[in-house]
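Heads up: the protein sequence lines correspond to chains A and B, in order. Position 110 of the first sequence, counted from 1, bears residue number 122 in my numbering, the numbering being contiguous throughout. Position 750 of the second sequence, counted from 1, bears residue number 882 in my numbering, the numbering being contiguous throughout. To start, the structure itself, in structure tokens.
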Amino acid sequence: MVVKLKRILLVEDSPNDVELTLEALSEHNLANEVEVAKDGQEALDYLYHEGQFSGRVNGNPAVILLDLKLPKINGLEVLKKIRSDDRLKLIPVVILTSSHEESDRIDSYNLGVNAYVVKPVDFHAFIDAVKGLGIFWAIINEPPPGSLA
Amino acid sequence: MAAEKEFESKISASSSLPVTAESVRLRLLIRISSVGVAGAGLAALLGWVLGIPVLASLGSGMIPVAPSTAVLFLLYGAAILLRSIFPLQRGPYLAGLFIITAGALISLMLLMLSYKGIRLEAEHLGFEIVNAAGEVPRGHMSPLTAFCFLLAALSYLSSLWSSPLRSRRASVGWWLACLLIAISTVLILAYLYGVPLLYGSSFIPPALLTSLAFLAMGIALIGLVAPRSWLMRQPTESPARASHAFILVFLLLAAGIVTAGFLYHRNLELRHRSEVEHQLKAIADLKTSEIVQWRKERLSDGAVFYGNFNFARRVRDYFEKPDAGTRESLKIWLDGIQKASQYDRIFLLDAGGRVRISVPEERTPISDQVLRHAVKTLQSKQGDLTDFYRNEHDGHVYLSVLVPVRERDDEEHAVGVLVMRIDPGQYLYPLIIRWPTPSRTAETLLVRREGNEVLFLNELRFQKQAALNLRRSLDQTELPAAQAVLGRQGIFEGRDYRGVPVIADLRSVPDSPWFLVTRMDISEVYAPLRERLWMMVALIAALLMGSGAVVGLVWRQQSTLFLQERYRASEALRESEERFRLLIEGVKDYAIFMLDPFGHVMSWNQGAERIKGYQAEEVIGRHFSCFYPEEDLQQGKPQQELDKAAAEGRFESEGWRIRKDGSRFWANAILTPLKDETGGLRGFSKVTRDITERRQAEEEIKTLNEELEQRVRERTAQLEAANRELEGFSYSVSHDLRAPLRHITGFAELLIRKAPAALDEKSRHYLNVISEAARQMGKLVDDLLSFSRMGRAEMLQAAMNLDMIVSEVVEVCKTEVRGRNIVWKIGRLPHAYGDKVMLKIVFENLLSNAVKFTRTKPQAVIEIGCINDQPHESVLYVRDNGVGFDMKYVDKLFGLFQRLHRPEEFEGTGLGLANVRRIIHRHGGRTWAEGALNEGAVIFFSLPKIKEV
């Protein structure tokens, strides 16, 4: 059975984290359907098919893994933008961050985030967490209409 | 104008009384009395003008007020009234002075003239005044009246010329007025007793109206003079009720005295009168019986001859043959009778009426009345006594005994008539007139009726030739004689033939046509009484004056006591005022001074001198606005402050004031209005303090405060900034510090995983150390963040069950330490009020510590309990039997990053107990610890108790 992988948008400025995340995802072969945006602006460009992504033809990703601390436009602003746009607001968004801060959690959920995951320092724990996320959102979860292909 | 002013200032001191209820009443009394005086004069004058004498005399038979007296009353009354109404005006003052001086001169002149016996016709003022004969002349002023006018004038003038400084004059006036009242009272009392004084002599008595007018005048004068005399030197506040009580006592006394005197006199009068009546009756009885006796004797004289036939024969013989012998014998006979019985004359008439024999010989013819009577007698069979008759020939009054001369009883015609003529002047009149006691006016009248008239038969005491001449009509009902002949018997009071009031006994004389009137002048009847009355009136007057004097003395005594009391009070007041003055004047730290209602300085103390720089004498009288700086003056502050103080009862202000030398000082001033009992504004008190130094100090404090506040603001801003930085820092720490750690562990792990073959054992160990160190640092970062959060996070306080929290935490611990032998002793824990999450962290830290440090023990005992013996806090503890600690390090136990063990012995960041302490402190509790090395440790913390609901 060939599982049709759903596309994941990973918004992460730290290349180390990107690499570790992709590594974690790749352990379950989830990494080939991951698009990476290096900052908030890039994430929005991707979603709006603008800038370097102007030629993008496929639809919305099945899930967005969003870091909070981002250059240019930070994660919360990106989330806000997504949730205020009729075309984007249905996309599931998971915050994947190093921040334990209560205020960050509150703000995120207020803006309608679907999940909030703190990146563990421990590598094994990190691998487990990202793997779980990938399996859940990329395979198990049914995305809203218009996010496929 | 200037003179007017001077005049006013001269007399105002004497006349302007304080307007009190008493002075108002006094003024009213003066006015009523003076109007009464003038009214009396006016009434008398009207009586004269309109011809109504009763207006001037107030009763018939009483003397009227002379026109001159009336005019003087009118003028005096007007003068007193003027003085009372316009006490301060020059015109009425001069008018009064003129009137009274003129009155005094006139009365003095009249007094002197009457002393000389001269009576001026001018006194009648042109009125027709008829004087009855024998009475005192009417229409002239009594000398006593003139004297009284003189007294009144002197009293009035003394009131005019007195002043509070010259009260002696006023006292003289007061005594004069009292004398006037005393005289008029005596006169009025006498009138009241029906025995007016000075009547019945040539001295002109004062009329009743005059006496009344003088009484009123005396009262008015006392009222006028009293305020200036010693009477009024008593304080006006003297209890009015007391003086009223004295007046009442005096009036009661006076009424009692007068009434007692009146009753006594009345009784005396009645007794005296009945005595007089008895006397009159007794005398009348005596006289009547004497007269009757006399008549009987006369008739019996006649009877002697009537039965003497022998005599009759001789008479007839003589009539028929008149010879000398018979005549001689008859003459001798008759002569004997005439001499013996004191007949005036005896003669024989023959039947023809001719006188045949007369003894003594006399040429005077006999009266026709006798002849007429003799004709009747010729037929009579007995002798008869004629009434009084007047012999028309000699004009004398006689009575005669007529006896018919008969030889036999049955003889029809008598031979002749024997006439025995009686001269009443010889015996009868003296008998009638004679009075057993010496009397000035008493007499007895014998009268008979003649037609409609009463005829007086005997000679009268007060009228010559009255016998058979004096007749009075019976219509004169007041005449006792007329009443007598009309048949009245007993005591009668009336006016006799002279018109004089008399008291009389009336009776008829038996067997005769005569009536006897025994009478006496009332004036004589009451003469002894009048003397007694004089004495009694004098006694009553003396008693009145005496009681008045006693009452007055007692009153004066009282008022003296009152005055002494007042003096003492005023002395005490003066002393207390002196003390106050010294107190206020001596105060140096406060300027205390008084202002009049307009703001002028009235007093000045030493403090004011010191603070303001002015001496008392240079500032008193100046307006207090001179203490204010120019800007305040322009705003009208001084007056505003006065107004506010007057309106609100107090005004306190602070502001700049100017000293005499022009320098300024900052003052605190309190302005208080001073009011009298009636609420009238009397002025202000002003208390001023120089608080320049205080103000400077205050300003300094203010500046310092401001600086401090500024500094606090700056610090706060700095702190806030630091806090923000800290937040940013901790955020960075939580986010950025963890990322590299993750990368370190992550890539180290990846290296081990991806190239296990390329690594030898040593390299793998290094990579493991790298990972472990990174993980350790991650843990440290997390703890630090948690610690920082505990300090900053908002507390969500609520009541909670500590038992539950502890059991949750214990459960977690138990799962972590599976396989170890741990005994949990969990006591009953109290409810607490706090942040559940934070308190849970506390227990997590403490229990994980306990678990950690008992690791080396084969059997760990962890006890959680509560010591509940403090009123306000619960003390909880966690005890373990672990490695414990040395008490000398107890201070370091709760410090940040403080560790008492090496990391290889026991893992940890050194933040756990620091965090516990921080949380407990934020809950208002304390933390402390006890322990010993290898013997375990007890960590205590306290939490405030929940107040029992």
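Don't be surprised by glycine CBs; every beta carbon is placed ideally from N, CA and C. This structure is a prediction, so every number in the text was calculated from the model and none was measured.
Check	Outcome
Beta carbon of B/Arg603 nearer than 8 Å to that of B/Glu582	yes
Short Cβ contact (8 Å threshold) for B/Leu803 with B/Ala777	yes
B/Phe230 burial status per 10 Å Cβ neighbour count (16 or more: buried)	exposed
The segment 211-225 of chain B / the segment 244-262 of chain B touching (three or more Cβ pairs under 8 Å)	no
Where the alpha helix (DSSP H) containing B/Met932 begins and where it ends	B/Met932 -> not in any alpha helix (DSSP H); beta strand (DSSP E) instead, spanning 929-933.
Backbone secondary structure at B/Met194 - three-state DSSP	coil
A/Val48 at chain B interface by Cβ criterion, 8 Å	no
Boundaries (first-last residue) of the beta strand (DSSP E) holding B/Asp637	633-640
Beta strand (DSSP E) segments (min. 3 residues) lying fully within the segment 897-967 of chain B	929-933, 954-958, 963-967
Residue of B/Arg215, B/Ala801, B/Ile217, B/Arg446 minimising C-alpha distance to B/Arg538	B/Arg446
Check whether B/Gly731 and B/Phe712 have beta carbons under 8 Å apart	no
C-alpha gap between B/Arg403 and B/Arg651, whole angstroms	18 Å
Nearest residue (CA-CA) to B/Tyr450, options B/Arg566, B/Tyr1021, B/Arg488	B/Arg488
Min CB distance B/Thr1041 to chain A below 8 Å	no
Residue nearest to B/Gln991 in terms of C-alpha spacing, selected from B/Leu1025, B/Asn953, B/Asn1000, B/Arg1058	B/Asn953
Under the three-state DSSP convention, the category B/Met726 falls into	strand
B/Lys972 and B/Val941 closer than 8 Å at C-beta	yes
Beta-carbon gap between B/Arg572 and B/Glu656 smaller than 8 Å	yes
Contact with chain B by A/Ser66, beta-carbon distance below 8 Å	no
Terminal residues of the beta strand (DSSP E) in which B/Phe783 lies	783-790
Contact set between the segment 133-152 of chain A and chain B, restricted to residues whose Cβ is under 9 Å from the partner	Val133, Asp134, Phe135, His136, Phe138, Ile139
C-alpha distance - B/Phe378 paired with B/Leu385, whole-angstrom precision	10 Å
Expected contact under 8 Å - CB spacing of B/Pro729 and B/Arg814 to nearest Å	7 Å
Near-chain A residues of the segment 898-932 of chain B - C-beta to any C-beta below 9 Å	Ser903, Ala906, Arg907, Met909, Gly910, Lys911, Val913, Asp914, Leu917, Ser918, Arg921, Ala925
Chain-ordered chain B contacts of A/Asn28 [CB-CB under 9 Å]	Ala871, Pro872, Arg874, His875, Gly878, Phe879
Min CB distance B/Leu858 to chain A below 8 Å	no
Per-residue contacts from B/Leu1075 into chain A (C-beta, under 9 Å)	Correct list: empty, because the minimum Cβ distance to chain A is about 24 Å.
CB of B/Pro612 within 8 Å of CB of B/Leu648, strictly	no
Neighbouring residues, chain B, relative to A/Glu163 (Cβ below 9 Å)	Residue 163 of chain A is absent from the structure shown; chain A starts at 13 and stops at 161.
Separation of B/Arg580 from B/Ser644, as counted between CA atoms	9 Å
Short CB-CB distance (under 8 Å) between A/Val23 and chain B	no
Given 8 Å, three or more beta-carbon pairs between the segment 958-978 of chain B and the segment 1022-1032 of chain B	no
Sheet register partners of B/Thr804 (DSSP bridge)	B/Ser817
Chain B within 8 Å of A/Arg19, Cβ atoms only	no
Residues from the segment 94-116 of chain A in contact with chain D, defined by Cβ distance under 8 Å	Among the chains of the structure shown, chain D does not appear; the protein chains present are A and B.
Own chain partners of B/Trp646 with C-beta closer than 6 Å, once the 5 adjacent residues on each side are dropped	Leu578, Arg580
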